[in-house]
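Protein sequence lines, in the order shown, are assigned to chains S and G. All letters in the first sequence, in the order written, are residues 0 to 112 by the numbering used here. All letters in the second sequence, in the order written, are residues 124 to 235 by the numbering used here.
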Amino acid sequence: DMKVTQMPRYLIKRMGENVLLECGQDMSHETMYWYRQDPGLGLQLIYISYDVDSNSEGDIPKGYRVSRKKREHFSLILDSAKTNQTSVYFCASSPGQGVDTQYFGPGTRLLVL
Amino acid sequence: QQKVQQSPESLIVPEGAMTSLNCTFSDSASQYFAWYRQHSGKAPKALMSIFSNGEKEEGRFTIHLNKASLHFSLHIRDSQPSDSALYLCAVNSGGSNYKLTFGKGTLLTVTP
């Protein structure tokens with residue numbers, strides 16, 4: 000059964016703290032994504048990873064960075080979190096070398112106080 | 124930059140009704156068009172997708188694409204309460220084979 004996992008599922012941090020969100024997939028998908036979803040704004044793309052150590056900025060990369068050292072694992076890092084980074088973060092993966100169905104993880108709900 | 128808009132923002136229909144959701148896009152070079160469904164508190168999940176002009180049916184769901192009018196739609200036949208969810212349309216950007224741009228969604232409520 001194809002699966003994308005995210006850890007942690009819920010996280011509360013204080014402004015200025017560092018945040019690490021982790022995503023894993025067991026489908027050997029090449030492409031992985033990080034999105035954030037806010038009410039009224041929909042899903043916004045933060046970063047795309049085409050494969051190990053091959054990452055590209057999405058539409059809203061400011062304040063975020065990513066790391067992909069293994070094909071099955073993709074991390075999102077917030078250095079010195081800000082209150083406006085409070086959101087639900089989704090990771091997704093897709094199999095192909097082009098546009099294809101994206102499989103989403105369950106999401107991480109982040110609150111920055 | 125690709126712009127994707129959905130209408131209506133929300134919709135309430137009775138059980139058994141036909142539901143129609145709309146999506147417009149701005150990039151005429153787009154090649155991939157998809158619908159995702161997101162139940163409350165859950166992850167988005169792909170429903171169906173289409174590449175070519177025309178119609179595609181899968182069970183109670185039909186997708187229509189008209190590239191010339193920059194429009195595609197999702198029709199749900201015999202809507203069920205379990206169809207109540209946020210429906211997101213997604214379109215690839217013509218210049219990218221990897222990136223999808225999502226609409227803000229239509230919140231569908233099917234009343235028993």
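Positions of the beta carbon are idealized from the N, C-alpha and C atoms, including for glycine. The structure displayed is predicted, hence computed values, not measured ones.
{"query": "Proximity below 7 Å, CB of Thr228(G) to CB of Leu209(G)", "result": "Residue identity check: residue 228(G) is Gly in the sequence provided, not Thr. Contact flag set, yes."}
{"query": "Member of Leu110(S), Tyr32(S), Met6(S) whose CA lies at the smallest distance from the CA of Pro94(S)", "result": "Tyr32(S)"}
{"query": "For Leu209(G): DSSP bridge partner residues", "result": "Gln161(G), Leu230(G)"}
{"query": "beta-carbon Thr142(G) near the ligand FAD non-hydrogen atom, thresh 6 Å", "result": "This structure lacks the ligand FAD; in fact it carries no ligand of any kind."}
{"query": "Val127(G) vs Thr224(G) beta-carbon contact at 7 Å", "result": "yes"}
{"query": "Presumed contact (8 Å Cβ cut-off) between Leu211(G) and Tyr159(G), rounded CB distance", "result": "4 Å"}
{"query": "Own chain residues within Cβ distance below 6 Å of Ser66(S), not counting five before or after", "result": "Ser74"}
{"query": "Run of the beta strand (DSSP E) containing Asn189(G), from where it starts to where it stops", "result": "184-189"}
{"query": "Contact under 7 Å by Cβ, Gln24(S) with Val3(S)", "result": "yes"}
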